[in-house]
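Read the structure below first, then the notes.
Written out as structure tokens, the structure is:
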């Protein structure tokens with residue numbers, strides 16, 4: 062497993078990753094933490110059925126980096142509308158879908174430094190997609206929301 066995680070001195074200043082309810086469990090968490098990255102699982106903080114606005118707000122206020130493999134969230138009007146009212150940094154890691162816990166963890170570990178860099182460089186809320194190739198692309202969710210509003214999908 063690659064170790065691109067923070068050093069002990071930097072660890073406290075680097076944000077934890079928040080893993081959404083559908084992207085991973087305790088094995089996944091343990092593998093990431095073994096690389097020195099703090100992890101918060103959705104189910105450790107919230108009930109399984111907690112609505113998005115509640116946990117999105119806490120993720121933003123806490124400064125956690127939201128990690129998900131669900132690319133469909135970028136086309137869900139309600140999620141995007143709710144995100145707009147938060148301070149969350151969202152990272153859609155396309156390599157998570159269908160991967161083993163070990164491969165999912167490697168995906169997060171390999172992307173972590175880039176996620177920290179992006180979060181530090183842009184005011185939240187913001188969404189990035191990080192491809193299997195490791196390239197990060199900013200997703201302009203506000204432009205998507207505006208198109209949805211004009212098309213009355215919101």
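Residue numbers (my numbering): 62 to 215.
In this text, a Cβ means the ideal position worked out from N, Cα and C, and glycines have one as well.
Keep in mind that this is a model prediction, so the values were computed, not measured.
- [ ] Report, in whole angstroms, the separation of the C-beta atoms of residue 78 and residue 100, which I expect to be a contact under 8 Å.
- [x] 6 Å
Local Cβ density within 10 Å of residue 210, reported as buried at 16 or more and exposed below that: exposed
Query raised in the report: Within 10 angstroms of its Cβ, does residue 95 collect 16 or more other Cβ (buried), or is it exposed?
Result: exposed
* Span separating the alpha-carbon of residue 81 from that of residue 173 -> 16 Å
Item checked: Check whether residue 151 and residue 188 have beta carbons under 8 Å apart -> yes
Exercise. In this structure, does DSSP put residue 219 in helix, strand or coil?
Worked result: With the chain running from 62 to 215 in the structure shown, residue 219 is simply not present.
Item to complete: For the beta strand (DSSP E) containing residue 101, list its first residue and its last residue.
Response: 100-102
Using a Cβ-Cβ cutoff of less than 7 Å, which residues in the same chain neighbour residue 117 once the five nearest sequence positions on both sides are dropped?
143, 144, 147, 149
Check: Assuming residue 102 contacts residue 163 under a Cβ cut-off of 8 Å, what Cβ separation, rounded to an integer in Å, is found between them?
Finding: About 17 Å; that fails the 8 Å criterion.
Can residue 132 and residue 75 be called in contact, C-beta distance under 8 Å?
no
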